[in-house]
Amino acid sequence: MRLAGLDYQIIDLHMHMGSIYCMHYSLSSADDMSGYMDRAGIALSISAPNEDLFTMPQTYSMVEDAMSRYPGKILGYYSVNPLSHTNAEMLEEAFTRAPYAGIKVLPDYHATALDDAVFAPVMEYADKNHMLVLSHTWGTGAFNSAKQVVSILDRYPNIRLLMGHSIQGQVDEAIELAKTYKNAYLDICDTGRLNGVIEKMVKKAGPEKVTYGTDWPWLSPEYLVGAVFYARIDEQAKRMILRDNALRILKETCSKKLFETCSILRSAD
Amino acid sequence: MLFFDANAVIGRDLNRHIVMNHEHFTTHEYVECADNAESLIDYMDACGIEKAVVWCRSMYDLAPDVGNKQMVQEIKKRPDRLIGSWTILPGITDKEFEAETFLKAMRKDGIKCVRAFPAQNRYLLNEVTMGDQLAAFEELAIPLYLSIQEGFEYIFSVLKEFPKLTVVISDTGCWSSSRYIYPLLHRYENVYYETGGFQEVFGYEQACSTIGCERLLFGTDFPTNSMGCAKAALLMANISDDCKEQIASGNLIRMIEGIRL
C-alpha cells in the first residue's frame, strides 16, 4: 500500500543485501529486494551487500549478479575493506567489469579511520573520477566522526560524499558540513526518524542536500518514508529528498556505462 | 482507522536525547520534544493520532515521585486524549510506592499503567524487592511498561517469577529485537510488543504470521521517533485491514479495558 498523495517513485541510495549476524529478517536476496522495492514504491536502489562488507575475501558476486539481473533497478556500491588494500588498478578493473554506481566504506566496523592512509588510493580514484562515495558515519569514536569527514571533504573536493546516517551523534555538525561543502550530502538512514531532524536538515542545509537511504534489509523503507511524508516541510522538499536529489547526484557521478543501463536516469535527462 | 499511540513522552530531556539503536548501543542527539500536553497534542493532530498513553521525561531524568506528580497535571488538561502512566519504586524505601498506597493513588488520579526503570533507579525488579507491587499488578492486569534500554535479562527474569503479568515491551530501538521478543510473546500470554521502533523488514507480516496481531500495539516512542514513522510502517504493511485496526488501536483499547483497578 502506498501513502495517499505520494505519486512518484522513490530512490534509495543506501541499501544492503543478504543475512547479517546481529538480527533476524526474513527476506534479503536480490529477488526479495526487487519485490520489496515494488511494494514500497522504490524505483532504484544502490546496494552494498553484507557479504562484501562483513567477510573477507570479498567476491562481489551477489552485487554483480543483482546488477546484471535487475539492470537499472538495483545498482551496486563497490565495497572497500581496508584489509584488501584496494588501489586504483583494482577499482578500474571493477568499474570496467560492472556498472557500479559508487564506492562504499564502513570505517567503524572495519576499525579504520575514514582518513587513514589505507583509504587514500580509493579516495584519490574517486576524486579523479568525480564519484559517489557512501561512508558510514557516526558521531562516536574515532573512525568516522565529523573530524574524519572534514578531512576527506577538504582533501577530495570532487567526491560526492554521502554521509551515511548523517554522523548520528553529531548531526548538527553533519548539517553544517552539508551547508559548507557543496560535495557533502546528508543521508536520513535511521537518523531521519529522530523527531524534528528532517525539518532541521532542510531548514539549515537546504532540501537539495538531504537524501533518502534505508539500510534495507537491516531497516524498513516504509518507516523512513513516513519520516519524510509526515515531516513539517513542503511537498517539493519531500520530493527532493525521496527522489530528485538522488537522480541529480547519480547523473553527476555515474559512468557512461551506468547511464546507458539505467532508464530512470536517461528519462530524467 | 483510529490510531492510539501506546508510548509517547511529555517533557524535555536533561541532556541530548538518548536514542535507542539496540539494547547495547545508544547515542545522544538533539530531538524536538513536547514540553507539555498541549504541544504533544499538536504533534498528534499533525499526524492523525487520536489518543496516547504518555509518561513524563522527569520520571526518568529527575525522580519518579516528581515526574509522577507532573504526569497528573498534564493528563488533567486532556483526559479525553491522554492516558497517564507512573513510574514505580521499591515500597520498602519509598513509602508512597507501597502497593496499597500506590494503587489507591492510581485510582484517585486516573492512572492506568506503570513503568519500571530498575537500573536507572538502582534496584532489582524481582519478587524480593517488588513482590507486593508486582503481585498486585499481575492480579489487577495493570500494564507494566519495560524498556529494552535497560536490556532484556530483567524482562525475562521478572516474567519467570510473575508469568501472568501484563508487560508492554517498549522503546525497542531500530534494530530488530525479534530474537528476544518473539520467545516472550510465545511463552507469556500477557506480553505485548509496542511498535514505535519496529523497523524490521517484513516485520508486521512476520509478526502476524508467527505470533498473531493481537499483542502488537501501535506506538511511536515519541520523541525518539517522529510520529509518522510508525504510522507509515503500519499503513504500508501487507497485512489485513482488520489486523491493522487491531494494532492501530483495538489491542490497546482492549488491554486498557481489561485493567481491574
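In order, the protein sequences belong to chains L and V. Residue numbering for the first sequence follows my numbering, beginning at 1 and increasing consecutively. Residue numbering for the second sequence follows my numbering, beginning at 1001 and increasing consecutively. Glycine residues also receive a C-beta, built at the ideal position from the N, C-alpha and C atoms.
Distance between beta carbons of residue j and residue i, contact taken as under 8 Å
i, j, result
"V/R1179", "V/Y1193", "About 13 Å; that fails the 8 Å criterion."
"L/Y185", "L/M201", "About 10 Å separates the two Cβ atoms, so there is no contact after all."
"V/G1203", "V/C1174", "Actually they do not touch by this definition, with Cβ atoms about 11 Å apart."
"L/N183", "L/L161", "6 Å"
"V/E1150", "V/P1118", "7 Å"
"L/S45", "L/M15", "5 Å"
"L/Q168", "V/E1029", "6 Å"
"L/I264", "L/A94", "The Cβ separation is near 23 Å, so there is no contact."
Rounded straight-line distance, which links the Cα of residue j to that of residue i
i, j, result
"V/E1100", "V/Q1120", "24 Å"
"L/F119", "L/L153", "14 Å"
"V/E1161", "V/T1195", "25 Å"
"V/E1023", "L/L132", "33 Å"
"L/S29", "V/V1201", "12 Å"
"L/A4", "V/A1232", "11 Å"
"V/L1252", "V/A1207", "17 Å"
"L/H136", "V/I1018", "20 Å"
"V/K1051", "V/F1137", "23 Å"
"V/I1142", "V/M1044", "25 Å"
"V/I1092", "L/L134", "54 Å"
"L/M62", "L/Y156", "30 Å"
"L/A111", "L/E176", "25 Å"
"L/H130", "L/E124", "10 Å"
"V/A1037", "V/M1227", "15 Å"
"V/D1005", "V/R1081", "10 Å"
"V/I1088", "V/D1061", "14 Å"
"L/R239", "L/G226", "13 Å"
Residues bridged to residue i [DSSP beta-bridge criterion]
i, result
"V/H1051", "It is Lys, not His, that sits at residue 1051 of chain V in the sequence shown. Looking at the DSSP assignment, V/K1051 forms a beta bridge with V/F1004."
"L/Y272", "Absent from the model: residue 272 of chain L. The displayed extent of chain L is 1 to 269, so no value can be given."
"V/T1027", "V/V1019"
"L/H136", "L/G164"
"L/V105", "L/V80, L/S135"
"L/M15", "L/S47"
"V/T1220", "The partner list for V/T1220 (beta bridge, DSSP) is empty, contrary to what the question assumes."
"V/R1012", "According to DSSP, V/R1012 bridges with nothing at all."
"V/W1086", "V/V1114"
"V/I1041", "For V/I1041, which the question treats as bridged, DSSP gives no partner whatsoever."
"V/S1170", "V/S1147"
"L/L75", "L/I46"
Proximal residues of chain V, C-beta to C-beta of residue i below 7 Å
i, result
"L/Q148", "Result: empty, since nearest Cβ-Cβ is about 17 Å, beyond 7 Å."
"L/T140", "T1027"
Test: residue i CB closer than 8 Å to a CB of chain V
i, result
"L/M90", "no"
"L/H136", "no"
"L/Q236", "no"
"L/F229", "yes"
"L/D190", "yes"
"L/R239", "no"
"L/V171", "yes"
"L/L224", "yes"
"L/R193", "yes"
Within-8 Å CB hit, residue i to chain L
i, result
"V/T1166", "no"
"V/R1179", "yes"
"V/A1207", "no"
"V/L1235", "yes"
"V/K1051", "no"
"V/N1068", "no"
"V/Q1133", "no"
"V/V1019", "yes"
"V/C1047", "yes"
"V/C1229", "yes"
"V/Q1073", "no"
"V/Q1149", "no"
"V/Q1199", "yes"
"V/A1232", "yes"
Neighbour list for residue i in chain V, Cβ cutoff strictly below 9 Å
i, result
"L/S19", "The premise fails here: L/S19 is roughly 12 Å from chain V at the closest Cβ pair, so nothing lies under 9 Å."
"L/G196", "Y1030, V1031, E1032, C1033, P1223, S1226"
"L/G5", "The contacting residues do not exist; L/G5 stays about 12 Å from chain V at best."
"L/Q168", "V1019, N1021, T1027, E1029"
Partner residues on chain L for residue i, Cβ-Cβ distance less than 7 Å
i, result
"V/S1176", "M23, H24, Y25"
Neighbour list for residue i in chain L, Cβ cutoff strictly below 9 Å
i, result
"V/F1202", "Y25, S26, L27, D32, Y36, P217, S220"
Residue i: contacting residues in chain L (beta-carbon distance under 8 Å)
i, result
"V/M1044", "None at all; the shortest Cβ gap to chain L is about 11 Å."
"V/N1036", "The contacting residues do not exist; V/N1036 stays about 15 Å from chain L at best."
"V/N1238", "M1, R39"
"V/A1141", "Under the 8 Å cutoff, chain L gives no residues; its nearest Cβ is about 30 Å from V/A1141."
Minimum Cβ-Cβ distance from residue i to chain C less than 8 Å
i, result
"L/R155", "Going by chain labels, chain C is absent from the structure shown, which instead holds the protein chains L and V."
Any non-hydrogen atom of the ligand NAD closer than 7 Å to residue i Cβ
i, result
"L/E51", "The ligand NAD is not part of the structure shown, which contains no ligands of any sort."
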